[in-house]
Every structure is written in structure tokens, then in C-alpha cells.
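Asks: Attaching a single structure in C-alpha cells format; questions to follow.
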Amino acid sequence: MDFKFDFQEDYVVKEIIKKKCKKVLLQLPEGLKMEGSRLANYFENKTSAEIVVSGEPCWGACDLALDEAKKLEVDILIHYGHAPFIKRVDFPVLYVEMNDLRSIDKLLNLSLKTLNKYNSLGLVCSVQHKHQLEQAKKFFEDHGKKVIIPEKKGYAHYDGHVVGCEYNSLKTITNEVDAFVVIGNRFHSLGAAIAVENPVYLLDIYNNEIIEMSKYKDKIIKQRYAAIEKCKDAKKVGIIVGTKPGQKFGSFKVIKDKFRKLGKEVIVITMNEINSDKLTNFRDINCFVELACPRIAIEDYGRYDKTLITFRESLVVLGDMSWEDLLKNGLI
Ligand code: SF4
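Below, the structure is given as C-alpha cells:
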């Protein structure tokens, strides 16, 4: 795969020197961990700081390595690849967003044939492409379309910015646009597709193609319906409280007693990283409700032997929300 990101090395060097940092923890997303040694060496050569690279998984800016940074007593956590997400952080963090430097010119031209049938488009992107949003807007407007970049909402840091668990900005303009266009990857466009009812198209810069997301959405919806139905039959429910700093979606206090009233046994469990082995160890539990990242349950269906649902989906099991309303409001 073509790989062209701007790591902003000189900006980071300037910040380390300006902030007089002696010890730094560097955190990179999973796909960019291989850049850790290069970056650490570069920063150590250009500054007097000692650089430590976090080897723990990092899935988003919700996943700041704050505990590691505090234990190591570093002066700053440098977090690569995401925009700020957690509203209040009690530790110095430098977020380094990375622009994807590949051109989208060809993709835009390619998309015209597919998007021909729409007069109005909602335009959004993952943070790596925010520098290309205005270019895409102008391109579609020059080809006669009305284009709306939705105002940021919730966890989104910029207008038109989507995060895997935050699509509320799209929901504010669903009546004003015929379809949505996402510049980015399958993860973000699938999230958009299951959050709104309008058609969603991915401008897939990784594979140079335009992808309509409805077939992927339909598959997910069938899986989610099946998971919710299985949870209705569960005798024992585990509620997983995530311990990553920004992964708090729903409260176990809201649902714990309600599950008990349905006659189910309930246990509250904490987990930092949720994986199949950890769930399997709880042999007596039939269904888990996870209050960490909602995409763990939605995206990773099939990776787990146990049934795993989100907080919002648990409301359907409890009868507090209908399946139809969940779909209407979006699974995310
Ligand atoms: S989708 Fe999940 S991993 Fe991504 S920012 Fe949201 S909570 Fe974090």
C-alpha cells in the first residue's frame, strides 16, 4: 500500500525544545507503530530528551496512554494520528495529526459518474484528510452540486470531521442532502452508513475506488439484530466497563438493575483491551454489554465466541428502545 503521511517531525522537535521536555512518551496508532524507532531516534538526535515509545495498542485519541505516561514520569505524551477527543485531560499531551499526502484528484474525477444522480452532498472526512475537504467541496460545487460540510458535534474536533463513534454532525443535515461522501477509509464510512439512512459513498484513497456502503451496512444490521435477540435469552449478563480514558459509552448503573428485573444474573467487569480470550474466560456469562468503544461490538462480530452488544443495543434488550428506533437514530 502506498504510504505517505506527514509526521511533522520539525514541529515536534520545536515543541519538545520549547516545552523543555527531558522525557517523552511517544504513542502511535497500530498501523504506524513501525515508525516508532525512526521517530524516537530522530527526536533524540535533535533534542536532549529521552524518548520512550508505547508498545501498547492505540485505537484512537480515546486511548491516550495516560497511565503509562504517569508511571514513567515523562514530561509530555506525544500522541500521533488523531485530533483531541477527550474534553479534559489531566496530563500534558501534544496531539500530532498527520495529513495523508496522497492526491485525491483522480478519485474526485472518478466519483462523478457514481454521484451523478445526486444534486446535494454531505461531505465529511477522517482527520488525515481534513486538508482536502475544501478542495473536494469546490470540485463538487464546480460540477453543479450543492455541498454541505456539517458543523462539528460531540467528539468531532473540526467541521466535517468524523470519528468512528461520532456521527451526530451528519444527523443534523440528513434532510438537506441526498447522499454523504466520506473521504477516508472503510471504518469511518461504514460508521457513517450505519449512523444515517442516506446513501453513503467512500472515496477510498487506499484502493482508488468509490464504494457505496449499503451492502456492508445491511450485513452489520442483520448481525446486530441477531446479537440483540441472543442477549434477550441470556441467563447471565456481563457489563464491561472500559478503562481506556475516553471510552465511556453509557453507565452500568442505568442498566444493571434493569437486567436484574428481567430475571438475569448480572456482573460488572472492568477491561482495558477487550478481546475474545478475556471474554471466553468468563465461561458462565452468556452475553456481554460493552460500555467501551461501540465499534468493538459492532465491527468485530464473529471474532468472539460470546455475544457482545453496545450500551444502546442493551436498551433494546431491556425494552427501553425499539429496534426500529435504534435503526432510525443510527446504531452509533
Ligand atoms: S471509535 Fe472507538 S477507538 Fe475510535 S475514537 Fe471512538 S471510542 Fe475511540
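Heads up, the sequence shown is in the numbering used here, so the first residue is 11 and it goes up one at a time.
Note that beta-carbon positions come from the ideal geometry of N, C-alpha and C, so glycine has one too.
As the structure is a prediction and not an experimental result, all values here were calculated from the model.
State the start and end residues of the unbroken beta strand (DSSP E) segment that holds residue 202.
Replies: Counting along the chain, residue 202 falls outside any beta strand (DSSP E), though it belongs to the alpha helix (DSSP H) covering 196–205.
Asks: For residue 219 and residue 201, what's the separation of their Cα atoms in angstroms?
Replies: Using only the alpha carbons, I get a separation of about 18 angstroms.
Asks: Quick one: give me the first and last residue of the beta strand (DSSP E) that residue 332 is part of.
Replies: First-last for residue 332: undefined, no H or E at that position.
Asks: Would you call the stretch 95–109 and the stretch 49–61 in contact, with 3 or more CB pairs under 8 angstroms?
Replies: With a cut-off of 8 angstroms, the stretch 49–61 and the stretch 95–109 do not count as touching, because too few Cβ pairs lie within range.
Asks: In whole angstroms, give me the CA-to-CA distance for residue 169 and residue 312.
Replies: Answer to the nearest angstrom: the Cα atoms are 34 angstroms apart.
Asks: To the nearest angstrom, how far is the alpha carbon of residue 278 from that of residue 249?
Replies: 5 angstroms
Asks: Since I believe residue 42 is in contact with residue 64 (beta carbons under 8 angstroms), could you give me their beta-carbon distance rounded to a whole number of angstroms?
Replies: Their Cβ separation, rounded to whole angstroms, is 12 angstroms, which puts residue 64 and residue 42 out of contact at 8 angstroms.
Asks: Is residue 68 near the ligand SF4, in the sense that its beta carbon is under 6 angstroms from a heavy atom of that ligand?
Replies: no
Asks: With 16 other CB atoms within 10 Å as the buried threshold, where does residue 194 fall?
Replies: Classification of residue 194: buried, given that the 10 Å Cβ count is 16 or more.
Asks: On the three-state DSSP scale, how would you describe residue 135?
Replies: strand
Asks: Which residue from 73, 32, 57 puts its Cα closest to that of residue 303?
Replies: For residue 303, the closest of 73, 32, 57 by C-alpha to C-alpha distance is 73.
Asks: Okay, do the stretch 231–242 and the stretch 281–294 touch, 3+ Cβ pairs below 8 angstroms being the bar?
Replies: no
Asks: Closest by CA to residue 191, which one among 174, 214, 173?
Replies: 214
Asks: State the start and end residues of the unbroken alpha helix (DSSP H) segment that holds residue 86.
Replies: Note, residue 86: premise wrong, no alpha helix (DSSP H); beta strand (DSSP E) at 86–90.
Asks: Are the beta-carbon atoms belonging to residue 164 and residue 197 less than 7 angstroms from one another?
Replies: no
Asks: Identify the continuous beta strand (DSSP E) that holds residue 241 and give its terminal residues.
Replies: Looking at the DSSP string, residue 241 is not in any beta strand (DSSP E); the run it does join, the alpha helix (DSSP H), is 224–242.
Asks: With distances taken between CB atoms, is the gap from residue 272 to residue 300 smaller than 7 angstroms?
Replies: Result no, Cβ atoms of residue 272 and residue 300 do not sit closer than 7 angstroms.
Asks: Quick check on DSSP: helix, strand or coil for residue 41?
Replies: helix
Asks: Name the two residues that bound the continuous beta strand (DSSP E) containing residue 280.
Replies: 275–281
Asks: Could you check whether the Cβ of residue 322 sits closer than 6 angstroms to any heavy atom belonging to the ligand SF4?
Replies: no
Asks: Can you give me the C-alpha to C-alpha distance between residue 263 and residue 32, rounded to a whole angstrom?
Replies: 42 angstroms
Asks: Confirm the yes/no value for this check: CB of residue 297, any heavy atom of the ligand SF4, distance under 6 angstroms.
Replies: no
Asks: Would you say the beta carbon of residue 142 comes nearer than 6 angstroms to a heavy atom of the ligand SF4?
Replies: Not under cutoff, so the answer is no.
Asks: Comparing the CB of residue 72 with every heavy atom of the ligand SF4, is any distance shorter than 6 angstroms?
Replies: yes
Asks: From residue 326 to residue 134, what does the alpha carbon distance come to, in whole angstroms?
Replies: Rounded to the nearest whole angstrom, the C-alpha separation of residue 326 and residue 134 is 29 angstroms.
Asks: Go through its chain and collect everything with a Cβ distance to residue 39's Cβ below 6 angstroms, but skip five positions before and after it.
Replies: 68, 91
Asks: Less than 8 angstroms between the CB atoms is what I'm expecting for residue 124 and residue 216, so what's the real figure, rounded?
Replies: No, residue 124 and residue 216 are not in contact; Cβ-Cβ is about 17 angstroms, not under 8 angstroms.
Asks: Taking Cβ to Cβ, would you say residue 87 is nearer than 7 angstroms to residue 93?
Replies: no
Asks: Assuming residue 183 and residue 132 make a contact with CB atoms under 8 angstroms, what is their CB distance in whole Å?
Replies: Going by Cβ atoms, the distance from residue 183 to residue 132 rounds to 5 angstroms, so yes, they are a contact pair.
Asks: Whole angstroms is fine: what's the gap from residue 245's alpha carbon to residue 232's?
Replies: 23 angstroms
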